[in-house]
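Protein chains: 2
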Amino acid sequence: MVRKSETSPDPIDAWARLQRASGKVLACVESRLKADGFPPLAWYDILLELRRADGKALRPVDIEKRILLAQYNVSRLIDRLVTAGYVDKRRSPEDGRGVVICLLPEGEQLLKSMWPCYREAVEAEFAADLDKEDLEALWRILGKVLP
Amino acid sequence: MVRKSETSPDPIDAWARLQRASGKVLACVESRLKADGFPPLAWYDILLELRRADGKALRPVDIEKRILLAQYNVSRLIDRLVTAGYVDKRRSPEDGRGVVICLLPEGEQLLKSMWPCYREAVEAEFAADLDKEDLEALWRILGKVLP
DNA sequence: TTTAAATAGATGCATATGCATGAAAAATCA
DNA sequence: TGATTTTTCATGCATATGCATCTATTTAAA
Chain A
1 MVRKSETSPD PIDAWARLQR ASGKVLACVE SRLKADGFPP LAWYDILLEL
51 RRADGKALRP VDIEKRILLA QYNVSRLIDR LVTAGYVDKR RSPEDGRGVV
101 ICLLPEGEQL LKSMWPCYRE AVEAEFAADL DKEDLEALWR ILGKVLP
Chain B
1 MVRKSETSPD PIDAWARLQR ASGKVLACVE SRLKADGFPP LAWYDILLEL
51 RRADGKALRP VDIEKRILLA QYNVSRLIDR LVTAGYVDKR RSPEDGRGVV
101 ICLLPEGEQL LKSMWPCYRE AVEAEFAADL DKEDLEALWR ILGKVLP
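Chains as they are written, first to last, in full-length UniProt numbering: chain A, 1 to 147; chain B, 1 to 147.
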């Protein structure tokens, strides 16, 4: 059963294609990062959020809100980042339950050194096939889907 | 540093949004399936490919080409499907190295029973925010990214 | 204030994934 | 043909993930 090209796609088909395109690009980008000896993209994402944040520090609960990761996952990923020396974990002064994660210079350095590989990967695996209008349309449409 | 709304988005930003939107919808859909007692989406994907295939059967290597999964992952996922009684694994008659995976009636039944939940989830988490033109544009643009 | 409920984060345990590698058959080549 | 390389699939082992639960602290309620 094949879609007729004049009809608009079934929502499920559009979604399936979104999943495939997204997954394919993600896999390729991750693969390039790993090939160059870099850690997974999730590390980059967290370090980037920290760099953007006020004082280059965030609480795990705030990282969780910005990133698409479950609480326990954030908790363990942070531990790995601490062990690797990219961030620092301190008790929160104003909330005894919580901690504060601080971006260390080593973490900023990692962001910088990953960036060229990351950028080139996205250009090659994703942006190379798209023009300005495509990127603009994707940006606009996908914005409607986000929370 | 915030994008000016008149300029076109940086490719990386468009890609980041693609990842987020895709991941968010995927997580929500998986969550709904699980809440209704269904297996993960990957099971559905494989069973669906089998149903579409000639004779409702495929070799693992062909499943791998249609799905975004590594070889060892396909191999083990198939084992789970066999254990659960949804598919059948036989030695390939024409290729001594290979096996043939057959969709069983139980597997077709699972597809049918998952479909309403699956469809509703995608409608609610993804399509609800989009109109016909959006879906059409997504379909067209993302098609350029795929292999 | 004392008690109850909610929030922040960590973790034990089961399951799933990634990686490297293995075995076995088929395809290619000399 | 015999030797080499490729292809197909499986698996041992390390790591990562998901789930449920735990502790500690804060917030809200009685």
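Every residue, glycine too, gets a C-beta built ideally from N, C-alpha and C.
Does the Cβ of residue i have 16 or more other Cβ atoms within 10 Å, making it buried, or fewer, making it exposed?
i                     : result
Ser31 (chain B)       : exposed
Gln19 (chain B)       : buried
Tyr118 (chain B)      : buried
Gly107 (chain B)      : buried
residue 148 (chain A) : What is shown of chain A runs 1 to 147, which leaves residue 148 (chain A) out entirely.
Pro116 (chain B)      : exposed
Arg51 (chain A)       : exposed
Pro9 (chain B)        : buried
residue 183 (chain B) : Any answer about residue 183 (chain B) is impossible in this case: the structure gives chain B only from 1 up to 147.
Val145 (chain A)      : buried
Got a sec, what are the start and stop residues for the alpha helix (DSSP H) residue i sits in?
i                : result
Asp54 (chain A)  : Element bounds for Asp54 (chain A): n/a, residue is neither H nor E.
Asp88 (chain A)  : No alpha helix (DSSP H) holds Asp88 (chain A); the beta strand (DSSP E) holding it covers Val87 to Arg91.
Asp95 (chain A)  : Here Asp95 (chain A) belongs to no alpha helix (DSSP H), and DSSP marks it neither H nor E.
Gly23 (chain A)  : Pro11 to Ala35
Ala137 (chain A) : Lys132 to Val145
On the DSSP letters alone, give me the boundaries of the beta strand (DSSP E) that residue i sits inside.
i                : result
Ile67 (chain A)  : It is not in any beta strand (DSSP E) - Ile67 (chain A) carries neither H nor E in the DSSP assignment.
Arg103 (chain B) : The residue you asked about is not Arg; residue 103 (chain B) is Leu in the sequence shown. From DSSP, the beta strand (DSSP E) with Leu103 (chain B) extends over Val99 to Leu103.
At a threshold of 6 Å, does residue i count as lining the ligand NAP (C-beta to nearest heavy atom)?
i                : result
Leu138 (chain A) : Among the ligands in the structure shown, none appear at all, so the ligand NAP cannot be discussed.
By Cβ distance below 7 Å, which residues in the same chain neighbour residue i in space, the five residues on each side in sequence not counted?
i               : result
Ser92 (chain B) : Arg59, Gly98, Val99 and Val100
Which chain B residues are close to residue i, counting only those with a beta carbon under 8 Å from its beta carbon?
i                : result
Gly55 (chain A)  : Neighbours of Gly55 (chain A) on chain B: none; closest Cβ ~17 Å, over 8 Å.
Leu111 (chain A) : Those do not exist, as Leu111 (chain A) stays about 13 Å from chain B at its closest Cβ, beyond 8 Å.
Check the Cβ of residue i against every Cβ in chain B and list those closer than 7 Å, keeping chain order.
i                : result
Asp129 (chain A) : Lys144 and Val145
Arg119 (chain A) : Ile12
Assuming residue i and residue j form a contact by the criterion Cβ under 8 Å, report the distance between their Cβ atoms to the nearest whole angstrom.
i                : j                : result
Trp43 (chain A)  : Ala14 (chain B)  : Actually they do not touch by this definition, with Cβ atoms about 22 Å apart.
Leu47 (chain A)  : Tyr86 (chain A)  : 6 Å
Leu68 (chain B)  : Ala27 (chain A)  : 7 Å
Lys56 (chain A)  : Leu103 (chain A) : 4 Å
Ala137 (chain B) : Ile12 (chain A)  : That belief does not hold up - the Cβ atoms of Ala137 (chain B) and Ile12 (chain A) are roughly 16 Å apart, past 8 Å.
Gly23 (chain B)  : Arg17 (chain A)  : No, Gly23 (chain B) and Arg17 (chain A) are not in contact; Cβ-Cβ is about 15 Å, not under 8 Å.
Please go through the same chain and pick out, in chain order, the residues whose beta-carbon is closer than 8 Å to the beta-carbon of residue i, but skip the five residues on each side of it.
i                     : result
Val25 (chain A)       : Val122, Glu125 and Phe126
Lys34 (chain B)       : Pro40
Leu111 (chain B)      : Tyr44, Leu47, Leu48 and Arg51
residue 148 (chain B) : The requested residue 148 (chain B) does not occur in the structure, where chain B is confined to residues 1 to 147.
Leu135 (chain A)      : Ala127
In chain B, which residues lie with their C-beta within 9 Å of the C-beta of residue i?
i               : result
Gly37 (chain A) : The premise fails here: Gly37 (chain A) is roughly 21 Å from chain B at the closest Cβ pair, so nothing lies under 9 Å.
Leu58 (chain A) : Within 9 Å Cβ-Cβ: nothing; Leu58 (chain A) doesn't reach chain B, min ~17 Å.
Excluding sequence positions up to five away, which residues of its chain have a Cβ less than 6 Å from the Cβ of residue i?
i               : result
Asp45 (chain B) : Ile67
Glu64 (chain B) : Gln71 and Val74
Val82 (chain A) : Lys89
Phe38 (chain B) : Met114
Run down chain A in chain order and give the residues with a C-beta less than 9 Å from the C-beta of residue i.
i               : result
Val25 (chain B) : Trp15, Leu18, Gln19 and Val145
Leu77 (chain B) : By Cβ distance, chain A contributes nothing, its closest Cβ being about 15 Å from Leu77 (chain B), past 9 Å.
Going along chain A in order, which residues have a C-beta closer than 7 Å to the C-beta of residue i?
i                : result
Ala137 (chain B) : Ala137 and Ile141
Ser22 (chain B)  : Leu18, Gln19 and Ser22
Leu50 (chain B)  : The premise fails here: Leu50 (chain B) is roughly 15 Å from chain A at the closest Cβ pair, so nothing lies under 7 Å.
Applying a beta-carbon distance threshold of less than 8 Å, which residues of chain A neighbour residue i?
i                : result
Pro11 (chain B)  : Val122, Glu123, Phe126, Ala127, Leu130 and Leu135
Leu103 (chain B) : The premise fails here: Leu103 (chain B) is roughly 16 Å from chain A at the closest Cβ pair, so nothing lies under 8 Å.
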